[in-house]
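Novice:
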Amino acid sequence: MRNRIFQIIESAEENDRASAAYDIIMIAIIVIGIIPLAFKVRYPVFFFIDKFVGIAFLIDYILRLWTADIKLKKGMKSFFIYPFTPMALIDLVSIFPLFVSTYHGLRLLRLTRGIRLFRVFRTLKIIRYSKNVDLIIDVIKAQRAPLCAVCSLAVGYVLICALVIFNVEPNTFHTFFDAIYWATVSLATIGYGDLCPTTTIGRLVTVVSSFVGIAIVALPASVITAGYIEKLNEDKDKTNP
348 MRNRIFQIIE SAEENDRASA AYDIIMIAII VIGIIPLAFK VRYPVFFFID
398 KFVGIAFLID YILRLWTADI KLKKGMKSFF IYPFTPMALI DLVSIFPLFV
448 STYHGLRLLR LTRGIRLFRV FRTLKIIRYS KNVDLIIDVI KAQRAPLCAV
498 CSLAVGYVLI CALVIFNVEP NTFHTFFDAI YWATVSLATI GYGDLCPTTT
548 IGRLVTVVSS FVGIAIVALP ASVITAGYIE KLNEDKDKTN P
């Protein structure tokens, strides 16, 4: 029985209708659970939505914890290790609003907007039920070495540009964090315009950093695209040998 439950709640065979139905139901519950986040006013129906979604997530978490040894294959240790795995932590955070709305001792936290942050984490649960997201994660894992190199390059670019502009434009950038924010925005070529150099030297630094930023932003996109195509070709070869 536990093996069958594990097959249903985890990724099973493609022709497993029960597993596919479970994934669809959980995705629908996740979508329903984030509807209240689109409104600033707390309508009474949202209370029942939070209860329903929270109970569904709690049942899902209990089933996954019950079958943790099958998933992790580490015997009794699995039941102690599983709660600290990344997806299990996301599950716990997603369940937390249920207890906030239930226990009066947490009423103060319930009245704060901070609890909305815990509900936002419910969107991350969709990672578990989406095969497309799993594909992207597999691509990132396979290409982690070049991606780490690009990320290191980007961080170095941001810090160097921030240091340069912070010393060139001391009147515009009052703190080093302002300079880091500007360098990050320049890297992404967004250009909000809330912080911008006013001197000639500062503008020259902006021009150079913008051109470099375009090249750095293009690198991870090309790496992920190449890995994605490679992964699709591998899956196609497995399907059609």
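So the number in my numbering is just where the residue sits in the sequence shown, counting from 1, plus 347. Glycine is no exception: its CB is placed at the ideal position from the N, C-alpha and C atoms.
1) In the DSSP assignment, the alpha helix (DSSP H) including Arg-411 goes from what residue to what residue?
2) Could you check what DSSP says for Phe-434 in three-state terms: helix, strand or coil?
3) Excluding five sequence neighbours on each side, which residues of the same chain lie with their C-beta closer than 8 angstroms to the C-beta of Tyr-408?
4) Going by beta carbon distance, what residues of the same chain come within less than 8 angstroms of Cys-498, once the five residues before and after it are set aside?
5) Counting beta carbon pairs with one atom in the stretch 388–404 and one in the stretch 482–492, are three or more of them shorter than 8 angstroms?
6) If we call anything under 8 angstroms between Cβ atoms a contact, is Tyr-429 one with Leu-405?
7) Do the stretch 494–510 and the stretch 524–544 touch if we need at least three Cβ pairs shorter than 8 angstroms?
8) Within 10 Å of its beta-carbon, does Ile-288 have 16 or more other beta-carbons around it, so buried, or fewer, so exposed?
9) Specify whether the stretch 540–554 and the stretch 510–524 touch according to this definition: at least 3 beta carbon pairs, one from each stretch, less than 8 angstroms apart.
10) With distances taken between CB atoms, is the gap from Ile-512 to Ala-526 smaller than 8 angstroms?
11) Assuming contact is defined by CB atoms lying nearer than 8 angstroms, are Ile-548 and Val-515 in contact in what I supplied?
12) Which value, in whole angstroms, describes the spacing of the CA atoms of Ile-417 and Leu-579?
13) CA-CA distance, Leu-419 and Thr-432?
14) What's the C-alpha gap between Leu-455 and Arg-351?
15) Starting from Ala-367, follow the alpha helix (DSSP H) in both directions and report where the run begins and ends.
16) If contacts are defined as beta-carbon pairs under 8 angstroms, then Val-559 and Tyr-504 qualify, I think. What distance do you get, rounded to the angstrom?
17) Count the other C-beta atoms from every protein chain shown that fall within 10 angstroms of the C-beta of Ser-556, then say buried if there are 16 or more, exposed otherwise.
18) Just mark Gly-401 as buried or exposed, buried being the case when its beta carbon has 16 or more other beta carbons within 10 Å.
19) Span of the alpha helix (DSSP H) holding Asn-518?
Specialist: Reading from the atomic positions:
1) Numbered from 1 along the sequence shown, position 64 holds the residue referred to as residue 411. Start and end: 391–413.
2) On the sequence shown, residue 434 is found 87 positions in, with the first residue counted as 1. In the sequence on display, residue 434 carries Met and not Phe. Here Met-434 sits in helix by DSSP.
3) Here the question's residue 408 lines up with position 61 in the sequence shown. Contacts found: Ala-435, Asp-438, Leu-439, Ile-442.
4) One-based indexing of the sequence shown puts residue 498 at position 151. So the list reads Pro-567, once near-sequence residues are dropped.
5) no
6) In the sequence shown, the residue the question calls residue 429 occupies position 82. In the sequence shown, the residue the question calls residue 405 occupies position 58. No, they are not a contact pair.
7) yes
8) Outside the displayed span of the chain (348 to 588) sits residue 288, for which this structure offers no information.
9) yes
10) Stepping through the sequence shown from its first residue, residue 512 is reached at position 165. Stepping through the sequence shown from its first residue, residue 526 is reached at position 179. Yes, Cβ-Cβ distance for Ile-512 and Ala-526 is below 8 angstroms.
11) Your numbering for residue 548 matches position 201 in the sequence shown. Your numbering for residue 515 matches position 168 in the sequence shown. Yes, Cβ-Cβ distance for Ile-548 and Val-515 is below 8 angstroms.
12) For this step, residue 417 is matched to residue 70 along the sequence shown. For this step, residue 579 is matched to residue 232 along the sequence shown. Rounded to the nearest angstrom, the two C-alpha atoms are 29 angstroms apart.
13) On the sequence shown, position 72 is the one that residue 419 refers to. On the sequence shown, position 85 is the one that residue 432 refers to. Rounded to whole angstroms, Leu-419 to Thr-432 spans 10 angstroms at the Cα level.
14) The sequence position of residue 455 within the sequence shown is 108, counting from 1. The sequence position of residue 351 within the sequence shown is 4, counting from 1. Only weak support is given to the placement of Leu-455: the predicted model assigns it a pLDDT of 47, under 50, and the value that follows is read from those uncertain coordinates. Between Leu-455 and Arg-351, the C-alpha separation is close to 42 angstroms.
15) Taking the first residue of the sequence shown as position 1, residue 367 is located at position 20. Note, Ala-367: alpha helix (DSSP H), 364–381.
16) Here residue 559 refers to the residue found at position 212 when the sequence shown is read from its first residue. Here residue 504 refers to the residue found at position 157 when the sequence shown is read from its first residue. Contact flag correct, Cβ pair sits at about 6 angstroms.
17) Locating residue 556 in the sequence shown gives position 209, counting from the first residue. Buried is the call here.
18) To locate residue 401, count along the sequence shown from 1; it is residue 54. It is buried - the Cβ of Gly-401 has at least 16 other Cβ atoms within 10 Å.
19) Here the question's residue 518 lines up with position 171 in the sequence shown. Taken as a continuous stretch (DSSP letters only), Asn-518 belongs to no alpha helix (DSSP H), as it is neither H nor E.
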